[in-house]
Amino acid sequence: MNIFRLFGDLSHLAAIAILLLKIWKTRSCAGVSGKTQLLFAVCFITRYIDLFLHFVSLYNTEKVMKLIYISASVFTCYLIFFKFKATYDGNHDSMRAEFLIVPAAGLACLINTKFDAIEILWTFSIYLEAVAILPQLFLISKTGEAETITSHYLFAQGSYRALYILNWIYRYHYESHVDTIAIVAGVVQTILYCDFFYLYITKVVKGQKIVLPA
Amino acid sequence: YGCDLVHDEL
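Those protein sequences? They're chains A and B, same order as listed. First residue of the first sequence: 1, per my numbering; consecutive thereafter. First residue of the second sequence: 1, per my numbering; consecutive thereafter.
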């Protein structure tokens, strides 16, 4: 474990907590893409499927973190699609999730480290996570604005994989560990946040709200 | 062998 991966995981946890708090406190999921949250839930379930196969005692933090990610993302989807369904902005959350899931699944069958079920599920999860934020960014571009709390959520969510890139550089240099598929997908994922990061740094940090040119 | 492919990251 290195500092980059530690802060990456903490940033990821923070993102999940910020979103849950926003929805729970405001009792509304306005401005939140339910599809992105569904895709994240699918990512966690397919990536941590080993938790369900051979259940190992929760002796280490990694198992606990995996369970937190899965339960928090499923609970977030429950809040969006059931509890606060009335506030779900379905009209603007209109990016076709199939256009992300099918290519990720196809690519996972073509480019993977080993052609076996668990490995392909893991690879699918990595590819899907890289593009899972697109419906959320699409929704913001449609509504033309993002609530400040949602911007903080996106910043934490984007920073997590950016920090993982530093972690991969660290591990390559000190442990000569390379996981090419995760690295390429992680770089693509972080690049998708670039324009949002620019808006966040230039606006939200100064207390302004992100309003996209309509 | 078999599970040598360990993805040790979250």
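Virtual Cβ for every residue (Gly too), placed ideally from N, Cα, C.
Cβ neighbours of Ala15 (chain A) in the same chain (closer than 7 Å, five flanking residues each side left out): Counting from 1 along the first sequence, the entry for residue 15 (chain A) is found at position 15. Within the same chain, Ala15 (chain A) has close Cβ partners Tyr153, Ala156, Gln157, Tyr160.
CB of Ile169 (chain A) within 7 Å of CB of Gly186 (chain A), strictly: Numbered from its first residue, the first sequence carries residue 169 (chain A) at position 169. Numbered from its first residue, the first sequence carries residue 186 (chain A) at position 186. Gly186 (chain A) is positioned such that its CB atom lies no closer than 7 Å to that of Ile169 (chain A).
Through-space distance from Val131 (chain A) to Thr61 (chain A), alpha-carbon basis: Along the first sequence, read from residue 1 onward, the residue named residue 61 (chain A) stands at position 61. Along the first sequence, read from residue 1 onward, the residue named residue 131 (chain A) stands at position 131. Rounded to whole angstroms, Thr61 (chain A) and Val131 (chain A) show a C-alpha spacing of 27 Å.
Any C-beta of chain B under 7 Å from that of Asp9 (chain A): Against the first sequence, residue 9 (chain A) aligns to sequence position 9. So yes, Asp9 (chain A) belongs to the interface.
Bridge-paired residues (DSSP) for Ile210 (chain A): For the purposes of this step, residue 210 (chain A) is taken as the residue at position 210 of the first sequence. DSSP lists A:Ala146 as partners of Ile210 (chain A).
Proximity of Cys43 (chain A) and Tyr88 (chain A) at Cβ, strictly below 7 Å: The sequence position of residue 43 (chain A) within the first sequence is 43, counting from 1. The sequence position of residue 88 (chain A) within the first sequence is 88, counting from 1. No, the pair does not count as a contact, with Cβ atoms beyond the cut-off.
Chain B contact for Trp122 (chain A) (CB, 7 Å cutoff): Here residue 122 (chain A) is taken as the residue at index 122 of the first sequence, counted from 1. True, the Cβ-Cβ gap to chain B drops below 7 Å.
Length of the line joining the Cα atoms of Lys85 (chain A) and Ser33 (chain A): For the purposes of this step, residue 85 (chain A) is identified with residue 85 of the first sequence, where counting begins at 1. For the purposes of this step, residue 33 (chain A) is identified with residue 33 of the first sequence, where counting begins at 1. Rounded to the nearest whole angstrom, the CA to CA distance from Lys85 (chain A) to Ser33 (chain A) is 12 Å.
Collapsed DSSP secondary structure at His12 (chain A) in the structure displayed: One-based indexing of the first sequence puts residue 12 (chain A) at position 12. The DSSP-derived three-state label of His12 (chain A) is helix.
Helix, strand or coil at Met65 (chain A) [DSSP, three-state]: Your numbering for residue 65 (chain A) matches position 65 in the first sequence. Met65 (chain A) falls in the helix class under three-state DSSP.
Chain-ordered neighbours of Arg161 (chain A) on chain B, where CB pairs are closer than 7 Å: Within the first sequence, the letter at position 161 stands for residue 161 (chain A). The premise fails here: Arg161 (chain A) is roughly 11 Å from chain B at the closest Cβ pair, so nothing lies under 7 Å.
Chain B contact for Met215 (chain A) (CB, 7 Å cutoff): In this structure chain A extends from 1 to 214, so residue 215 (chain A) is not present and cannot be described.
Gly2 (chain B) - DSSP class collapsed to helix/strand/coil: Counting from one through the second sequence, the residue named residue 2 (chain B) turns up at place 2. Per-residue confidence for Gly2 (chain B) stands at a pLDDT of 45, beneath the threshold of 50, marking its modelled position as unreliable; the derived number appears in the next sentence. Secondary structure at Gly2 (chain B): coil, using DSSP grouped into helix, strand and coil.
Three or more C-beta pairs below 8 Å linking the segment 94 to 104 of chain A and the segment 131 to 146 of chain A: Output reads yes: the segment 131 to 146 of chain A touches the segment 94 to 104 of chain A.
Under 9 Å (Cβ pairs) to chain B, residues found in the segment 46 to 79 of chain A: For the segment 46 to 79 of chain A, which is checked against every Cβ of chain B, the residues closer than 9 Å are Arg47, Tyr48, Glu62, Met65, Lys66, Tyr69.
Same chain only: Cβ atoms within 8 Å of Leu12 (chain A), ignoring 5 sequence neighbours per side: Residue 12 (chain A) sits at position 12 when you count from the first residue of the first sequence. The identity of residue 12 (chain A) in the sequence shown is His, whereas the question assumes Leu. Tyr69, Ala156, Gln157, Tyr160.
Cross-chain neighbours of Arg5 (chain A) in chain B, by beta carbon under 9 Å: The sequence position of residue 5 (chain A) within the first sequence is 5, counting from 1. For the C-beta of Arg5 (chain A), the chain B residues within less than 9 Å are, from N- to C-terminus, Glu9, Leu10.
Closest by C-alpha distance to His92 (chain A), when choosing among A:Ile140, A:Lys25, A:Ser151: Taking the first residue of the first sequence as position 1, residue 92 (chain A) is located at position 92. Closest by alpha carbon: A:Ile140.
Contacts of Asp195 (chain A) in chain B (Cβ-Cβ under 9 Å): Position 195 of the first sequence, counted from the first residue, corresponds to residue 195 (chain A). Against chain B, a Cβ distance below 9 Å from Asp195 (chain A) picks out nothing, because the smallest value is about 26 Å.
Residue span of the alpha helix (DSSP H) that contains Ala182 (chain A), given as start and end: Taking the first sequence and counting its residues from 1, one reaches residue 182 (chain A) at position 182. Where Ala182 (chain A) is concerned, the enclosing alpha helix (DSSP H) stretches over 180 to 192.
Continuous alpha helix (DSSP H) stretch holding Thr36 (chain A): start and end: Within the first sequence, the letter at position 36 stands for residue 36 (chain A). Judged by DSSP secondary structure, Thr36 (chain A) falls within the alpha helix (DSSP H) whose first and last residues are 34 to 47.
Boundaries (first-last residue) of the alpha helix (DSSP H) holding Tyr127 (chain A): Working through the first sequence from its first residue, we reach residue 127 (chain A) at position 127. 117 to 131 is the span of the alpha helix (DSSP H), which, as asked, contains Tyr127 (chain A).
Phe81 (chain A) (DSSP reduced to helix, strand or coil): Translated into the one-based positions of the first sequence, residue 81 (chain A) becomes position 81. Three-state result, Phe81 (chain A): helix.
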